[in-house]
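Have a look at the structure below, then the notes.
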Amino acid sequence: MYSLPKKLQDMTPYTPHTERFRVRLDANESPFMPDRAAIDKMKSALDKIEFNRYPDPSAKNIRECFASLYGLKPELLTASNGSDEIISVIINAFCDAGGSVCVIEPDFSMYRFYAEVCGLNVVAVKKRDFAIDPDEVIKTVNSSGAQILIFSNPCNPTSLGLDRESTRKIVKNVNSLVVLDEAYMDFYDQSLLGEVEEYDNLIILRTCSKMLGLAALRIGIAVANKRLTGILNTVRSPYNMNSLSALAACELLSDHEYVKTVNQKIIHSRDWLYNEILAFIPDYCKLIKPCTNFVTLVTDQAREIYDFLKTKGVLIRCFDEFIRITAGTQSENQAVTAALKEFFR
Ligand SMILES: *Cc1c(COP(=O)(O)O)cnc(C)c1O
């Protein structure tokens, strides 16, 4: 008789919402579609695809476009089917059987999820007041013998950023690989991208799903020194980046002016949302000053707020002790703040 492996027996699936909502501010996507001209360019790029052939296994075009946008060397980049894929690949590859992955919680839930699917041990450092304590992280990683430390900076879901000096301290002092997930670094200014080659144990993850507004295309980028990049290329599946997504994304990423404008628009939207909510929330709630494209409101009424907003056609993300609201278009921001105001009235 077949029985499932023990590690799979009580796993809960990640189930994003599929219902329709008037306003969707739950997934930290960009609210902005690429403009008409960019979409037309993407469409004409389709004509260049040899559909009967496998894609370029090195995904050279998307690596070059991304590298040029961020001032990086293309040979230090690895493309993937969303950063989600490369997270799974790294956790699978860089731990021995029975090994441990260290996470700093609350953080992006997929880190723990993939570690558990791989049958690895998860060592969790608990944040205090949502902040990372570098010394505690270093001590925990080194005393547990964890082979991977993975965390997001700025953090989803807390919206807090860790300064460059503290991040460096962690990378330099742990005996593990550090997977630094910078999915939201376009909204903050403390990236380690520029110095990635100085470390023998650092992989930085970026994505086209957030600021760049290409969540539908599923493109993640890992940045690391030559040696680690070589290993990523050995362990990933050879055709993980499809031709369609890579070509379409290149059309958008080559327009640096457009990207800069969108980035500023999202930061402006985030700041508006933060200031607006700050002005009317009661004293017993705490709004964190965000380094991301979303705001995090600490409250013991998270569930009530979430349910109330749903009745107003507004979807946000609910956690045990806080809610997370993605910065949207001006009208989406107005809808969510109006509904929140009504809740607190
Ligand atoms: C959204 C998100 C990702 C996922 O990015 P994809 O490239 O869409 O898979 C990765 N890390 C964090 C922290 C995120 O919030």
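According to numbering that gives the first Met the number 0, the sequence shown is numbered sequentially starting from 0.
Glycine is no exception: its CB is placed at the ideal position from the N, C-alpha and C atoms.
Span separating the alpha-carbon of residue i from that of residue j
i, j, result
"P153", "I169", "15 Å"
"Y273", "V294", "7 Å"
"T206", "E303", "32 Å"
"A114", "V88", "10 Å"
"S143", "T310", "46 Å"
"I322", "N332", "15 Å"
"C64", "T11", "37 Å"
"A338", "Q300", "15 Å"
"D134", "N141", "11 Å"
Where residue i falls, given that 16 or more other Cβ within 10 Å makes a residue buried
i, result
"L277", "exposed"
"K42", "exposed"
"E181", "buried"
"K259", "exposed"
"I38", "exposed"
"P33", "buried"
"S2", "exposed"
"Y13", "exposed"
C-beta neighbour in chain C for residue i, strict 8 Å
i, result
"L227", "Included in the structure is just one protein chain, with no chain C present."
Proximity below 8 Å, CB of residue i to CB of residue j
i, j, result
"L159", "F129", "yes"
"L204", "I85", "yes"
"F93", "Q146", "yes"
"A247", "A44", "yes"
"G219", "P30", "no"
"V100", "I90", "yes"
"Y183", "I149", "no"
"A58", "A245", "yes"
"S236", "I48", "no"
Nearest-angstrom Cβ-Cβ length linking residue i and residue j, presumed shorter than 8 Å
i, j, result
"N232", "Y198", "In fact, because the Cβ distance is near 18 Å, the residues do not count as touching under 8 Å."
"I131", "L161", "5 Å"
"K126", "P105", "7 Å"
"L24", "V261", "With a Cβ gap of about 17 Å, L24 and V261 do not count as contacting."
"C317", "V297", "No, C317 and V297 are not in contact; Cβ-Cβ is about 13 Å, not under 8 Å."
"L7", "H255", "Their Cβ separation, rounded to whole angstroms, is 45 Å, which puts L7 and H255 out of contact at 8 Å."
"T139", "V121", "Actually they do not touch by this definition, with Cβ atoms about 12 Å apart."
"I61", "A78", "5 Å"
Bridge-paired residues (DSSP) for residue i
i, result
"D180", "S151, L204"
"K104", "Before going further, note that residue 104 is Glu rather than Lys in the sequence given. According to DSSP, which records beta bridges pairwise, E104 is partnered with K125."
"F321", "V297"
"T77", "A221"
"A130", "R127"
"R23", "L314"
"L286", "L296"
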